[in-house]
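What follows is a short report on a single structure.
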Amino acid sequence: MMNFNFNVAELIFALPELFLLFAISLILLFDLFVSQRLKQFTYYLTQLALLITGFLAFNLIGENATIFSGTFVLDSLGSTFKVFILGFAIIALVYTRHYLKAHDLLRNEYFILAMMSILGMMVMVSGHSLLTLYLGLEIMSLSLYALIATARDRASAIEAALKYFVLGAIASGLLLYGMSMIYGISGSLDIAQISSFASASTLGSQQTLILNFGLVFLVIGIAFKLGAVPFHMWVPDVYQGSPTSVTMFLSTVPKIAAIALLIRLLIDGLGDLQHYWADLFMILAVLSIAIGSLVALTQTNIKRMLAYSTISHIGFVLLGFVTGVVDGYGAAVFYVLAYILMSLAAFGSIIVLNRKGFEADQISDFQGLSKHSPWFALIMLVVMLSMAGVPPFIGFYSKLFILQQVVAQGYVILAIAAVIFAVISAYYYLQIIKTMYFDDVDKEILVSAPLDMKVVLSINGILILVVGLMPSFWMELSVSLF
Amino acid sequence: MIALSDYLILSSIVFCIGLAGIFINRTNIIMLLMCVELILAAVNTNFIAFSYYGGDLAGQIFVFFILTVAAAEVAIGLAILTLMFRSRGSIDIDVTNTLKG
């Protein structure tokens, strides 16, 4: 039986979530009742709320507590992930505003929905029971479906929303089915109790069988959410069809939450079955890296190309979890954070080209960028080289750490395959650099982005270089989370 | 007396019907929503059966949450459906092919 103890002092450990929920409600009311002239402040209030939430989460780093009858956990992993989620979300919203303004999509519900999905991610990151993890996942996903559909006049966005909705619902269904099996055999929703059940030496063969049966469904559900091959079919369509600002949001922060879900369920909960799920991950990882690298070669739409690039990056992340050692998990977390930093800058570079009545989403839109705006061409160059894995950028070190761990655990063939496909994928990253620097067209490119967007994008680009100069510090930080 | 395994077999059959329906169905989007509901119903059956036979109430509480979330999910699905009908004048799956794949 569950034990329902409630202590008011526990609320302090959930302060970031509570504050964000409170702020969302207040900002929604604010937006409803103020005059048209004041509505632009909703955006600033959103950023302020996220900033304060990030500060509160940062203050809780180092605290360890399991509260609300064991359904909510606060540890260094959770707090650090929350800080990164909020930080990346703030950057993403700066880019978002320029895009929405350029295309007359600026409605304040957008920011409310974005905050709501961030709240869901924070709950997921701290979930310590199947119930909290599921609820966090759904808060996040439901807000994201609506976020895509905010561009309600675009047929492609509606189609993307529908596809994301159907595939997301299947993923939740599969995950839930797995959860019900795990609950049935272990008799508890609590991650700690599931863990102690799975590690007991008295497990019969039938119990192990049912546990594995549930485990497969959990892995499929997580793979759907991450977009790993063969559960990737929604990724390119949704990325291409969504408004670019939503694509950027989808491809960045929810990945942290999905990785947190993976860590909570499979490492904290079923860590003793690591050798079972590592085999599944190996297949997912190699297929993702291969398909992601090969199919991206033929794309002309840059959002679709970045979708396949995401798939191949996710493959690398999963490789880190295959290793089954703490250093490998740390390398995977480092890879996710590095990937999100690069992805934000890549989508930021696309968004910066957008202006009134002009939607930049083709690779050819980058033609001649180096002549008209050398600085933003340089940032895109850094991003593309980093994604291709060229030293000294962050993308190189994140790949290096993963491959080091993979080789150290004896999976040499996996590492060789990953490197070969990484080299193949360098082709399409370099293709964009070629388009920017060597393709001559008389087309005028106007970069009309506001100052805040330009400054943040520049900082984002520089971070890719700076973090790449001291990778070991970040790597140690990632490893220390486990 | 109905055994636990009977419930599990029932729920797995319902689950498979729902999953197959999503992949086989090529006509109507409302059918997709119904299949999603079937999957969730199968999960609910599982949770209640395990909860009853295991003597643990937590599973039944989980079901309340799943029901609520399913209602919210369908609300959003129908909203997207309405938008789709407005932009295309049809809710057939066949017309959802502007994006390749």
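Protein chains in written order, with our numbering: chain A, -3 to 478; chain B, -17 to 83.
All C-beta atoms in this analysis are idealised placements derived from N, C-alpha and C, irrespective of residue type, glycine included.
Note that the coordinates shown come from a computational prediction; the quantities given were computed from them, not determined experimentally.
Quick one: which unbroken alpha helix (DSSP H) runs of 4-plus residues sit fully inside the segment 45 to 117 of chain A? Chain order, please. 72 to 98
Neighbourhood of A:D233 by C-beta distance below 7 Å, restricted to the same chain and skipping five residues each side: A156 and K159
Cβ neighbour criterion (16 or more within 10 Å) applied to A:F480: The first residue shown for chain A is -3 and the last is 478, placing residue 480 of chain A beyond what the model contains.
Taking 8 Å as the threshold (beta carbon to beta carbon), is B:G83 in contact with chain A? Below a pLDDT of 50, predicted positions are generally treated as unreliable, and B:G83, at 44, falls in that range; the measurement from the model is reported next regardless. For B:G83, the answer is yes, since a Cβ of chain A falls inside 8 Å of its Cβ.
Specify, as a first and last residue, the run of the alpha helix (DSSP H) that A:A356 falls within. Counted as a single uninterrupted DSSP element, the stretch harbouring A:A356 is not any alpha helix (DSSP H), since DSSP gives it neither H nor E.
Interface flag, A:F245 vs chain B, CB-CB below 8 Å: A:F245 has a beta carbon lying at 8 Å or more from every beta carbon in chain B.
Starting from A:S139 and walking both ways along the alpha helix (DSSP H), at which residues does that stretch end? L126 to I144
Got a sec, what are the start and stop residues for the alpha helix (DSSP H) A:D275 sits in? Q270 to A292
Which stretch, first to last residue, makes up the alpha helix (DSSP H) that contains B:E19? Its alpha helix (DSSP H) spans residues I11 to G36.
Would you verify that the beta carbon of A:A157 is, or is not, closer than 8 Å to some beta carbon of chain B? yes
For A:S284, would you say it is in contact with chain B, using Cβ-to-Cβ distances shorter than 8 Å as the test? Not a single CB atom of chain B sits nearer than 8 Å to the CB of A:S284.
Could you compute how far the alpha carbon of A:A194 sits from the alpha carbon of A:D268? Cα to Cα, the separation comes out at about 6 Å.
Out of A:I81, A:F107, A:Y423 and A:L315, which one is the CA nearest neighbour of A:Q43? A:F107
B:I48 CB to nearest chain A CB: under 8 Å? yes
Give the secondary structure of A:D264 by DSSP, where H, G and I count as helix, E and B as strand, and everything else as coil. Reduced to three states, the DSSP call for A:D264 is helix.
Taking 8 Å as the cut-off, decide whether the C-beta atoms of A:M432 and A:S305 are in contact. A:M432 is not a Cβ neighbour of A:S305, given a cutoff of 8 Å.
Apply the 10 Å Cβ neighbour rule to B:C(-2) and answer buried if 16 or more other Cβ atoms are within range, or exposed otherwise. exposed
Short of 7 Å in beta carbon distance, which residues of its chain neighbour A:F372, apart from the five on each side in sequence? Order them along the chain. S345, V348, L365 and V443
Quick check on DSSP: helix, strand or coil for A:V323? This sequence places Asp at residue 323 of chain A; Val is not what is there. Looking at A:D323 - three-state DSSP - the assignment turns out to be helix.
Neighbouring residues, chain A, relative to B:L60 (Cβ below 9 Å): Those within 9 Å of B:L60 in chain A number zero; the least Cβ separation is about 10 Å.
Beta-carbon of B:D74 versus every beta-carbon of chain A: anything under 8 Å? no
Mapping DSSP to helix, strand and coil, what is B:N7? The three-state reading of DSSP puts B:N7 in coil, since its state is none of H, G, I, E or B.
For A:R33, is the classification buried or exposed, using 16 other Cβ atoms within 10 angstroms of its Cβ as the cut-off for buried? exposed
What do you get for A:S468, buried or exposed, if any count of 16 or more other CB atoms within 10 angstroms of its CB means buried? exposed
At a CB-CB cut-off below 8 Å, which residues of chain A make contact with B:N28? Y173, S176, M177 and G180
Is the segment 23 to 40 of chain B touching the segment 188 to 202 of chain A in the sense that three or more CB pairs, one from each, lie closer than 8 Å? no
Neighbour flag for B:M13 against chain A, beta carbons, 8 Å: Not an interface residue.
Looking at the strands, I want to know which residues DSSP matches up with A:G123. A:F68
Chain B partners of A:A165, CB-CB under 7 Å? V18 and E55
Examine the Cβ distances between the segment 317 to 336 of chain A and the segment 416 to 430 of chain A and report whether three or more of them are shorter than 8 Å. no
Selected residue, minimal CA-CA separation from B:G41, among A:R260, A:L266, A:K221 and A:L172: A:L172
For the segment 112 to 141 of chain A, which residues have a beta carbon sitting closer than 8 Å to at least one beta carbon of chain B? L126, L127, Y130, L131, E134, L138 and Y141
A:V386 at chain B interface by Cβ criterion, 8 Å: A:V386 has a beta carbon lying at 8 Å or more from every beta carbon in chain B.
Does DSSP put A:N456 in a helix, in a strand, or in coil? Looking at A:N456 - three-state DSSP - the assignment turns out to be helix.
Buried or exposed (CB count within 10 angstroms, at least 16 for buried), A:M301: buried
Could you tell me whether any Cβ in chain A is nearer than 8 Å to the Cβ of B:G36? yes
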